[in-house]
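The structure under discussion appears below in the form of structure tokens.
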Amino acid sequence: MPAVDPFEHDPLQADRPPRFARFLAALSGTSVAVAVALGVVAAILLNPVFALPFTVVLGRTLFLAMVLLLVFAAARQWQPRRLPEWMPDWLLPVVVVGLTAPLAVALVYVLAVGGNVLDFVFSPQRVRGYLWLSAITLIMGLVLALVAVARERLAQVRARELKVELERSRLDKQSVDARLSLLQAQIEPHFLFNTLANVQALVEAGSPRAGPVLQSLIAYLRAAMPRLHAGQPTLESEIALVRAYLQLMQMRMPDRLQFEVGLPTALLGLRFPPMGLLTLVENAVRHGIDPSEEGGRIEVGGEPLPGGGARLWVSDSGVGMTETATPGLGLANLRDRLAALHGQAARLTLSEVVPRGVRAEIDLPAGRPDEGST
Amino acid sequence: MKDPHDAPMATTGAQAEPARWPAPGISALIADDEPLLRERLAQHLQRLWPALQVVAQARNGREAIELFDQFEPRVAFLDVHMPGLTGIDAARAIGRRAEVVFVTAYEQYAVQAFEQGAIDYLVKPFDEARLADTVQRLQQRLAVSEVRAPVDDALLDRLADELRRREPARRWLQWIKASIGPTVRLIPVSQVVYLRSDEKYTLVAWAGGEALIRKTIRELADELDPQAFVQVHRSTIVNLHHVAQVVRGANETADIHLRGRQEVLPVSRSFLHVFRQM
């Protein structure tokens, strides 16, 4: 099985780079700079207390700052993954830093006295220095730890925001793509030129049908053109579009297509995504009637549902859907637009018709306060 | 105008005497699934080339081949897009037995191929001047010799492949047919969240429900697009597009949380590699 990555975002959030890599990453330029700055501040604060030259004090505080930074980064990366519920994840590293501070200072002093511990213990001046240095180091360590934790938090929040943004822009792009391809699919050149060729044939033959057929073509084109000022899209306008389309198709394949469009007048005022039913009817032609030598019948209908909603359907007696027939963007797009207009309760289902054909059904829930985008 | 409903038929009174009779002129066949367009082409041909007799009209590729074999016309006008067998398929069956002119509406790829292969074609809706050019070329070719212009078989093969690729039939499963009560529901695979083996059957789960189908998980693993559907367990295939997140647990296992379904799917150790590189 290929290791695929069809996502722009990573579904495996628990998976992170190895700990050592993260440890090294934590020792970034910024954190080292912060540690150095803290070390310098500590040295300036401690300078009046010590009799030593400033450079020696600075050396010690810088050394301590670096030790604390290493310890903090290590504690952060190697702490157990599962912590007790009451324990915030920053607590352990901060405690470790707090404990390390006096120890590290002790180490500095032991080094300073050349390993002679007694020399250190019996010098009140040195003990005082030790306590001062420990206190300042402790404060320095805690400040360092808290700053680091805060930065990490901030980075997480930003990453999450970025991810949300990315996801949103991906969805935006998807919907724009879908709308574009829907528009392009509507006035497919193949459909348009074939229809025009038929109209031309009628006109040349002086057939009285030419007028009505042109009317249907105009109605279809008007509805299928991208509309800038769309009014309230209703089932009534949708049904008119579907009828125009079917009349054109029947002119083209009179021996292969019969149709019936009927809807109770009570349903005509319902809000409906423009070109929604048309998508289903075009599907019925493309997958059901057109591939069939004998053709078939398309029925478009609807009925009110007991609860106050409505059911609409498009059924055909064509060759039926093969399992590998590409559904096209139109159907998925229609699902989304139904949800936008009528909420998640709106449903679009497809089923097979016996003995052959496909039936698409749309269930619209009972009216709800109108909102949603069109 | 003739009633187009009664096609296919021989239009020269051949019904009474289906045996071929040596036509004084040159015979032709027109194949198009749209009757008005067959009629129009026949009428224009009559005006431009009175000696040409349209002996048969076919509604699809299969009829075109049958009628061609019956009448053996010297010219065949074949619509590219027809139900069942296409015009390209018919042309391959006809081979070099006739001069073939393709008729098409805006099949850009086909037009380019015809240009390259020097194959005659008409684009619908055509005007009479264009048809007159075609007629002239046909007349010249028929007058010069009895030897047919070589039909580029390779080109036709390529075009037939191209058409098939444009047809809805694709390689991967796009619909799952599941019996729910008395009806057979068609569920687009893009909506399927996961599939799980259930003895002889397979459970198909989507956001709005679930159903049992007869195919085994093994068959489905072969038929579904591996870009989206991956096996995560001996008995489970999941649609990656519906995975909310994968949470790694202890002992080299993981749990899949889904969008649109409450249940959590386990990933077994041997399939964990699927997620490792993400």
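Chains as they are written, first to last, in the numbering used here: chain A, 1 to 374; chain B, 1001 to 1278.
The C-beta atom is built at its ideal place from N, Cα and C for all residues, glycine as well.
Excluding the 5 residues flanking residue 93 of chain A on each side, which residues of the same chain have their C-beta closer than 7 Å to its C-beta?
72, 75, 76, 79 and 145.
If you drop the 5 nearest sequence neighbours on each side, which residues of the same chain put their C-beta closer than 6 Å to that of residue 1068 of chain B?
The residues are 1029 and 1094.
Anything in the segment 327-355 of chain A with a Cβ closer than 8 Å to a Cβ of chain B? List those residues in chain order, please.
Taking 8 Å as the Cβ-Cβ cut-off against chain B, the residues of the segment 327-355 of chain A that qualify are 327, 331, 332, 347, 349, 350, 351 and 352.
Just to make sure I have the definition right: I need the residues of chain A whose C-beta is within less than 8 Å of the C-beta of residue 1190 of chain B. Which are they?
Going along chain A in sequence order, the residues near residue 1190 of chain B (Cβ under 8 Å) are 327 and 332.
In angstroms, rounded to a whole number, what distance separates the CA positions of residue 1221 of chain B and residue 1201 of chain B?
Cα-Cα distance, rounded: 14 Å.
Contact check, residue 1163 of chain B vs residue 1104 of chain B, beta carbons under 8 Å
Not closer than 8 Å, so no.
On a CA-only basis, which of A:153, A:28, A:137 and A:26 is nearest residue 89 of chain A? Give me that one, please.
With distances taken between CA atoms, residue 89 of chain A lies nearest to A:153 out of A:153, A:28, A:137 and A:26.
Per-residue DSSP class, three states only, for residue 125 of chain A
In this structure, DSSP gives residue 125 of chain A a helical state, which the three-state scheme calls helix.
In chain A, what lies closer than 8 Å to residue 1174 of chain B by C-beta?
Chain-order list of chain A residues neighbouring residue 1174 of chain B: 323, 324, 325, 326 and 327, by C-beta distance under 8 Å.
Tell me, please, whether the CB atom of residue 1287 of chain B is closer than 8 Å to any CB atom in chain A?
The question about residue 1287 of chain B has no answer here: the residues shown for chain B are numbered 1001 through 1278.
Taking 8 Å as the CB-CB limit, is residue 1239 of chain B close to chain A?
Answer no: the Cβ-Cβ gap between residue 1239 of chain B and chain A never drops below 8 Å.
Within 7 Å of chain B by C-beta, residues of the segment 189-211 of chain A in sequence order
For the segment 189-211 of chain A, which is checked against every Cβ of chain B, the residues closer than 7 Å are 189, 190, 193, 194, 196, 197, 198, 200, 201, 202, 204, 205 and 207.
With 9 Å as the C-beta to C-beta threshold (strictly closer), list the residues of the segment 1190-1207 of chain B near chain A in chain order.
Taking 9 Å as the Cβ-Cβ cut-off, the segment 1190-1207 of chain B approaches chain A at 1190 and 1191, given in chain order.
Proximity to residue 45 of chain A [Cα-Cα], best of A:61, A:34 and A:33
For the residues A:61, A:34 and A:33, the minimum Cα distance to residue 45 of chain A belongs to A:61.
Does any residue of chain B bring its CB to less than 8 Å from the CB of residue 80 of chain A?
By this cut-off, residue 80 of chain A is not an interface position.
Residue 228 of chain A, buried or exposed, once every other Cβ within 10 Å from all chains shown has been counted against 16
Confidence in residue 228 of chain A is poor, its pLDDT being 48 and thus under 50, which makes the residue's placement unreliable; the coordinate value appears in the next sentence. Per the 10 Å Cβ criterion, exposed.
Same chain only: Cβ atoms within 6 Å of residue 1090 of chain B, ignoring 5 sequence neighbours per side
Excluding sequence neighbours, residue 1090 of chain B sits near 1061, 1064, 1065 and 1078.
Within the 8 Å Cβ cut-off, does residue 315 of chain A reach chain B?
Answer no: the Cβ-Cβ gap between residue 315 of chain A and chain B never drops below 8 Å.
Does any residue of chain B bring its CB to less than 8 Å from the CB of residue 292 of chain A?
Yes, its Cβ sits closer than 8 Å to a Cβ of chain B.
Can you tell which of B:1208, B:1251, B:1186 and B:1212 has the C-alpha that lies nearest to the C-alpha of residue 1195 of chain B?
When each option's Cα is compared against that of residue 1195 of chain B, the closest is B:1212.
If you draw a straight line from the C-alpha of residue 1272 of chain B to the C-alpha of residue 1176 of chain B, how long is it?
Approximately 27 Å, taken between the alpha carbons.
Distance between residue 1058 of chain B and residue 1050 of chain B (C-alpha atoms, nearest Å)
When rounded, the separation of the alpha-carbon atoms in residue 1050 of chain B and residue 1058 of chain B is 21 Å.
Using a Cβ-Cβ cut-off of 8 Å, state whether residue 252 of chain A counts as contacting chain B.
Against chain B, the CB of residue 252 of chain A has a partner CB under 8 Å away; the residue lies at that interface.
Chain A residues whose Cβ lies nearer than 8 Å to that of residue 1183 of chain B
Below the 8 Å Cβ cutoff, chain A contributes 351 and 352 as neighbours of residue 1183 of chain B, in chain order.
Could you list which residues in chain B have their beta carbon closer than 9 Å to that of residue 358 of chain A, in chain order?
Residues of chain B passing the Cβ test: 1186.
At the 8 Å Cβ level, is residue 1039 of chain B part of the contact set with chain A, yes or no?
Taking Cβ atoms only, chain A reaches closer than 8 Å to residue 1039 of chain B, which makes this a yes.
Across the segment 319-326 of chain A and the segment 270-278 of chain A, are there enough close Cβ pairs to call them in contact, namely three or more that are closer than 8 Å?
Taking a cut-off of 8 Å on C-beta distances, the segment 319-326 of chain A does not touch the segment 270-278 of chain A, as fewer than three cross pairs fall below it.
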